Amino acid sequence: MSHPTFPVFKRHIVVPRTNEVMLLYGPSKIVQQCQLHPEKEIFTCCNDCRVPCCATCQVQKHKKHDISTIEDAYVSAENRLNDNVKELEKDAIPTIDQMADNTEKERSEKRVQIDRVREEVNTFRKELNQAVDEACDYLMKKLVHNETGVNNLITNLNVQNGKIRQLIKEVNEIIQKGVLSMIKYSPPSPLVSSQSYQSQG
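If you read the sequence shown in full-length UniProt numbering, its first letter stands for residue 1, the second for the next number, and so on.
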């Protein structure tokens, strides 16, 4: 529903709410009808209730209230608005700026802390990798050294085993030669003649 056909704004002059319009027409050039008394135009404002009112409302509902003209109410509202803006400029905006500066400072400090922790982690990772590499190199050298020792031991054992086998072979040969020589040489058995036996008798 558009403004001209809406009941509340039926008798109103509807214009865009801009500073240019206010400067062009001014508060006295914009006439508003009273909602309670549509036949009455509003030229005053109740400062106690802070609402516009017509002459009928002024003597009825707003009797004994602080009443001022629309122009004065407009100027008073504008002054209050300017005071609020000045108060914001004096207190709120510097506070917000200070908070923004503190936030930026804190963000920078946190960024420095994060970068420092990241650098420490990278340094620790490098040191850890270096320690692991050194430990692995030491173990590999130790393994190669042990492997060389085992290989040398096996070689020595093989040599000793060969010598033992050769010695056993030689002993067997000596034994076999000794048995054969004993078989080839048999000492003469003593012969007892009947004559010598008789002479002894």
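Here a beta-carbon is modelled for each residue, glycine too, at the ideal position from N, C-alpha and C. Since this is a predicted model, take the numbers as computed values, not measurements.
Backbone CA spacing between residue i and residue j [nearest angstrom]
i           : j      : result
Ala55       : Glu41  : 8 angstroms
Val150      : Glu120 : 44 angstroms
Arg50       : Thr103 : 40 angstroms
Asn152      : Asn158 : 10 angstroms
Ile93       : Cys57  : 41 angstroms
Thr155      : Asn172 : 26 angstroms
Glu127      : Glu109 : 27 angstroms
Gln176      : Glu170 : 10 angstroms
Glu89       : Asn82  : 10 angstroms
Glu106      : Val117 : 16 angstroms
Asn84       : Gln98  : 20 angstroms
Leu139      : Val112 : 40 angstroms
Asp91       : Val59  : 42 angstroms
Asn129      : Lys142 : 20 angstroms
residue 245 : Asn122 : Because the chain spans 1 through 201 in this model, residue 245 falls outside it and cannot be assessed.
Lys131      : Thr148 : In the sequence as displayed, the identity of residue 131 is Ala instead of Lys. About 26 angstroms.
Val144      : Gly178 : 50 angstroms
Asp133      : Arg125 : 12 angstroms
Arg80       : Glu39  : 31 angstroms
Gly162      : Asn146 : 24 angstroms
Sequence-distant residues of the same chain with beta carbon closer than 8 angstroms to residue i, five excluded per side
i     : result
Cys53 : Cys34, Ile42, Thr44, Cys45, Cys46, Lys61, His62, Ile67
Glu87 : none
Counted within 10 angstroms of its Cβ, other Cβ atoms place residue i as buried (16 or more) or exposed
i      : result
Cys136 : exposed
Ala100 : exposed
Ala77  : exposed
Ala73  : buried
Ile96  : exposed
Ile174 : exposed
Ile164 : exposed
Ile114 : exposed
Ile168 : exposed
His3   : At His3, the pLDDT of 46 sits below 50, so the modelled position is not reliable; the number obtained from the coordinates is stated separately. It counts as exposed.
Cβ pair residue i, residue j closer than 7 angstroms
i     : j     : result
Asp48 : His37 : no
Same chain, Cβ closer than 7 angstroms to residue i, five either side skipped, listed in chain order
i      : result
Pro27  : Confidence at Pro27 is low in this model, with a pLDDT of 48, below 50, so its placement is unreliable and the value that follows should be read with caution. Within the same chain, Pro27 has close Cβ partners Ile70, Glu71, Tyr74.
Lys166 : Lys is not the amino acid found at residue 166; the sequence shown has Gln there. Once the five neighbours on either side are set aside, Gln166 has no close Cβ partner at all.
Proximity test, residue i beta-carbon vs the ligand MG heavy atom, cut-off 6 angstroms
i     : result
Pro94 : Summarising the ligand content, the structure contains no ligands, and the ligand MG is consequently not present.
> Which runs of the alpha helix (DSSP H) fall wholly inside the region 45-109 and span at least 4 residues, in chain order?
Replying inline: 55-59, 70-87
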